[in-house]
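Asks:
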Amino acid sequence: MLLERALTESDIPLLASIDRTELIHECYRLEGGELVLYPDHHDMRGWPEGEAQQDAVALLACLRRGGWLWGVFDGPTLAAAVVVDNHPLHIQDLVMRQLKFLHVSHAARGVGLGGRLFNLACEHGRQVGADALYVSATESRNTVDFYRRHGCRLLARPDPELLAQEPHDIHLYRSLCGKTL
Numbered sequence: 032m033l034l035e036r037a038l039t040e041s042d043i044p045l046l047a048s049i050d051r052t053e054l055i056h057e058c059y060r061l062e063g064g065e066l067v068l069y070p071d072h073h074d075m076r077g078w079p080e081g082e083a084q085q086d087a088v089a090l091l092a093c094l095r096r097g098g099w100l101w102g103v104f105d106g107p108t109l110a111a112a113v114v115v116d117n118h119p120l121h122i123q124d125l126v127m128r129q130l131k132f133l134h135v136s137h138a139a140r141g142v143g144l145g146g147r148l149f150n151l152a153c154e155h156g157r158q159v160g161a162d163a164l165y166v167s168a169t170e171s172r173n174t175v176d177f178y179r180r181h182g183c184r185l186l187a188r189p190d191p192e193l194l195a196q197e198p199h200d201i202h203l204y205r206s207l208c209g210k211t212l
């Protein structure tokens, strides 16, 4: 049975136990403001070297400054998690909150858990008065297509700091108030 709850500081190390296994066959890149799909093969197993530790530091800082962290447990195992930062981003006329993390373990995929967590993140964003969620998505087709199915649109002018941190990511936003850019 799955149990959902807010994550605490002591849960942060569990985020590294999420199984990110995925076979990637296609990725997107941005060319002239348009998404271009190209073949690119990756056999993702586990976390890239040092990424889980780096994420843990960033997510702990996010939690300590009031970020929202939510997890889904299958018994004692963390099966999925979502994080929304509380730091407002001002993009054109919208106030956004960044979706910092959304991962579902390999064994828990395909049952709508990612969509449920994304919808909860959107609801949290509305509750804190955000106009939109900012999503910096890895360029894999599965990831970008997931966010687009859930109402995300390309950002014509991404946040310069977030773009510098993730220049290959596809920067998207999900309106929470009906306003678009």
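Residue numbers (our numbering): 32 to 212.
Every residue gets a Cβ at the ideal spot worked out from N, C-alpha and C, and that includes glycine.
1) Can you tell which of Val67, Pro70, Ala161, Val113 has the C-alpha that lies nearest to the C-alpha of Leu38?
2) If we count the other Cβ atoms within 10 Å of its Cβ and call it buried at 16 or more, is Lys210 buried or exposed?
3) What number of angstroms, rounded off, separates the C-alpha of Val88 from the C-alpha of Val115?
4) For the beta strand (DSSP E) that Leu125 lies in, which residues bound it at each end?
5) Output the distance between the C-alpha atoms of Gly98 and Ile201, rounded to the nearest integer angstrom.
6) Please state if the CB of Tyr59 and the CB of Val166 are separated by a distance shorter than 7 Å.
7) I'd like to confirm the pairing. Which residues does DSSP put opposite Val166 in its beta bridges?
8) So His118 is in the beta strand (DSSP E); what residue range does that whole segment cover?
9) Shortest alpha-carbon distance to Gln85 belongs to which of Pro44, Asp162, Glu40?
10) To the nearest angstrom, how far is the alpha carbon of Arg140 from that of Asn117?
11) Along the chain, where does the beta strand (DSSP E) that runs through Asp71 open and close?
12) Going by Cα to Cα distance, which pick from Asp105, Pro191, Leu207, Glu40 is closest to Gln158?
13) Rounded to whole angstroms, what is the Cα-Cα separation between Gly146 and His181?
Replies: By the coordinates alone:
1) Looking at the Cα atoms, Val113 is the closest of the given residues.
2) Exposed is the call here.
3) Distance between the alpha carbons of Val88 and Val115 is about 15 Å.
4) Per DSSP, Leu125 belongs to the beta strand (DSSP E) from 125-135.
5) Rounded to whole angstroms, Gly98 to Ile201 spans 23 Å at the Cα level.
6) No, these two residues do not count as a Cβ contact at 7 Å.
7) Paired residues: Leu130, Leu203.
8) It spans 108-122 - the beta strand (DSSP E) in which His118 sits, taken as one unbroken run.
9) The closest CA to that of Gln85, considering only Pro44, Asp162, Glu40, is found on Pro44.
10) So the two alpha carbons sit approximately 27 Å from each other.
11) Residues 65-75.
12) Of all alpha-carbon atoms in Asp105, Pro191, Leu207, Glu40, the one lying nearest the alpha-carbon of Gln158 is that of Leu207.
13) The C-alpha of Gly146 lies about 7 Å from the C-alpha of His181.
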